[in-house]
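Here is the structure we will look at.
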Amino acid sequence: MMQPLSVKDLQPVSSEFLEQKDTVRLARELVGHYLVHWIEGKAVGGKIVETEAYQAPHDPACHAHLNRRTKRTEIMFAKGGHAYIYLCYGIHHLFNIVSGPESYAHAVLIRALEPIWGRDFMDENRKIKSTHNLTNGPGKLTQALGIDRTLNESYLLAQNSPLQLFQPPAPLSADELMVSKRIGIDYAGDAKEWPWRFYEKQSLYVSKRLFGDKSFLRHEAN
DNA sequence: ATAATGATTCGCT
DNA sequence: GCGAATCATTATG
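Numbering (my numbering), first residue to last: 4 to 225.
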């Protein structure tokens with residue numbers, strides 16, 4: 004059977020990949036990639052299984068809607084590969100990968116992860132029993148990985164970045180992927196219907212599935 | 001299994 | 001002040 008996947012065997016992503024202008028496509032393609040937070044030389048992270056695209060200027064759900072520049076949104080205008088991490092509901096740190104060329108305020112929210120490396124560290128951070136609840140949500144995964152706003156604005160492609168992104172050994176095929184509307188943006192009018200959320204169909208580590216997969220729900224209850 | 005609610009801080013009007 | 005790209009807990013059927 005397969006050896007456990009080692010970070011050493013993975014290729015970092017390219018700057019071209021993260022600077023592509025089509026951020027919806029990037030969000031789709033990032034599913035299956037690997038995110039690592041290096042903590043005292045140890046890898047903590049896993050496979051990205053759920054993402055959402057946010058794209059100024061025409062996306063009302065994007066913090067930089069209409070290209071509004073504030074202290075908070077400024078980093079979204081940087082070139083792809085920077086981290087945009089902000090505090091949500093006063094409690095949760097949400098991790099985004101800034102994307103597109105410089106001056107394009109685009110980002111991909113990382114919503115769920117399949118835990119692979121540093122499980123002990125994650126368990127300790129999360130203090131929760133079920134492994135299915137470790138990283139299946141944008142606030143949960145940052146807590147598990149120890150990601151907070153001290154890492155805001157860091158550049159993931161820098162030589163010794165504490166946060167790194169790696170390519171999948173093989174790309175995910177189209178039939179392994181699901182598309183849905185984005186979550187938690189009811190205030191965004193029309194845009195709340197846009198199909199800009201992507202997740203791995205059979206993953207047990209997705210935050211919220213579409214209607215109708217009863218067999219999964221039974222599985223999840225364990 | 002679904003619904004309601006409190007937590008808690010920051011950005012912005 | 002208001003509301004937020006969320007989550008855990010509690011209550012109820």
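Using N, Cα and C, we set each Cβ at its ideal position, and we do this for glycine too.
Problem - Inter-residue spacing [alpha-carbon to alpha-carbon] between N136 and C65 - result: The sequence position of residue 136 within the first sequence is 133, counting from 1. The sequence position of residue 65 within the first sequence is 62, counting from 1. If I take the Cα positions, the gap works out to 27 Å.
Practice task
Give me the Cα-Cα distance between D151 and L21, rounded to the nearest whole angstrom.
Solution key: Here residue 151 is taken as the residue at index 148 of the first sequence, counted from 1. Here residue 21 is taken as the residue at index 18 of the first sequence, counted from 1. So the two alpha carbons sit approximately 21 Å from each other.
Exercise for the section: Just tell me which of I119, L97, C91, I100 has its CA closest to the CA of G48. Expected result: For the purposes of this step, residue 48 is identified with residue 45 of the first sequence, where counting begins at 1. The shortest C-alpha separation from G48 is found at I119.
Handout entry: Length at least 3, wholly inside the region 97-152: the beta strand (DSSP E) runs in chain order
Key = 109-120
Exercise for the section: Note down the Cα distance separating K82 from K74, rounded to an integer number of angstroms. Expected result: One-based indexing of the first sequence puts residue 82 at position 79. One-based indexing of the first sequence puts residue 74 at position 71. Rounded to whole angstroms, K82 to K74 spans 17 Å at the Cα level.
Handout entry: Span separating the alpha-carbon of L175 from that of K130
Key = As a first step, residue 175 must be located in the first sequence, where it is residue number 172. As a first step, residue 130 must be located in the first sequence, where it is residue number 127. For L175 and K130, the distance between alpha carbons rounds to 32 Å.
Practice task
Kindly indicate which residue of Q14, R28, E32 has the alpha-carbon position closest to the one of L160.
Solution key: Counting from 1 along the first sequence, the entry for residue 160 is found at position 157. Comparing Cα-Cα distances from L160 to each of Q14, R28, E32, the minimum goes to Q14.
Handout entry: Check whether T145 and L97 have beta carbons under 8 Å apart
Key = Position 142 of the first sequence, counted from the start, is the residue given in the question as residue 145. Position 94 of the first sequence, counted from the start, is the residue given in the question as residue 97. Yes.
Problem - Residue burial classification, Y107 (beta-carbon count within 10 angstroms, cutoff 16) - result: Counting from 1 along the first sequence, the entry for residue 107 is found at position 104. So Y107 counts as buried.
Practice task
Run the CB neighbour count on H61, radius 10 Å, all protein chains shown included, and call it buried at 16 or more, exposed below.
Solution key: Along the first sequence, read from residue 1 onward, the residue named residue 61 stands at position 58. Its Cβ having fewer than 16 others within 10 Å, H61 is exposed.
Practice task
Leaving out five residues on either side along the sequence, give the residues of the same chain with a beta carbon under 6 Å from the beta carbon of I188.
Solution key: Indexing the first sequence from 1 puts residue 188 at position 185. A64, K195.
Practice task
Can you tell me which of the three DSSP states I78 falls into?
Solution key: If you number the first sequence from 1, residue 78 lands on position 75. The answer is helix: DSSP assigns I78 an H, G or I state.
Exercise for the section: Answer yes or no: do Y208 and V10 have a C-beta to C-beta separation smaller than 8 Å? Expected result: Position 205 of the first sequence, counted from the first residue, corresponds to residue 208. Position 7 of the first sequence, counted from the first residue, corresponds to residue 10. Going by C-beta atoms, Y208 is not nearer than 8 Å to V10.
Practice task
Mind listing, in chain order, the continuous alpha helix (DSSP H) runs of no fewer than 4 residues lying wholly within the region 26-57?
Solution key: 26-33
Practice task
In angstroms with no decimal places, state the Cα-to-Cα distance between A173 and G35.
Solution key: As a first step, residue 173 is located in the first sequence; it is residue number 170 there, counting from the start. As a first step, residue 35 is located in the first sequence; it is residue number 32 there, counting from the start. Our two residues, A173 and G35, have alpha carbons roughly 9 Å apart in a direct line.
Exercise for the section: Could you spell out the range, first to last residue, of the alpha helix (DSSP H) harbouring E203? Expected result: For the purposes of this step, residue 203 is taken as the residue at position 200 of the first sequence. Looking at the DSSP string, E203 is not in any alpha helix (DSSP H); the run it does join, the beta strand (DSSP E), is 200-203.
Handout entry: Helix, strand or coil at Y89 according to DSSP, with G and I counted as helix
Key = Counting from one through the first sequence, the residue named residue 89 turns up at place 86. Y89: strand per DSSP, three-state reduction.
Exercise for the section: Give the secondary structure of A224 by DSSP, where H, G and I count as helix, E and B as strand, and everything else as coil. Expected result: As a position in the first sequence, residue 224 is number 221, starting the count at 1. Confidence in A224 is poor, its pLDDT being 37 and thus under 50, which makes the residue's placement unreliable; the coordinate value appears in the next sentence. DSSP places A224 in coil when its eight states are reduced to three.
Practice task
Quick one: residues in its chain with C-beta nearer than 7 Å to the C-beta of N139, no 5 flanking neighbours on either side, listed in chain order?
Solution key: One-based indexing of the first sequence puts residue 139 at position 136. Its chain contains A115, Y208, V209, S210 as the residues whose beta carbon lies nearer than 7 Å to that of N139, once the 5 sequence neighbours on both sides are disregarded; these appear in chain order.
Handout entry: Integer Cβ distance of I78 from H85, believed to fall under 8 Å
Key = As a working note, residue 78 is residue 75 in the first sequence. As a working note, residue 85 is residue 82 in the first sequence. Going by Cβ atoms, the distance from I78 to H85 rounds to 6 Å, so yes, they are a contact pair.
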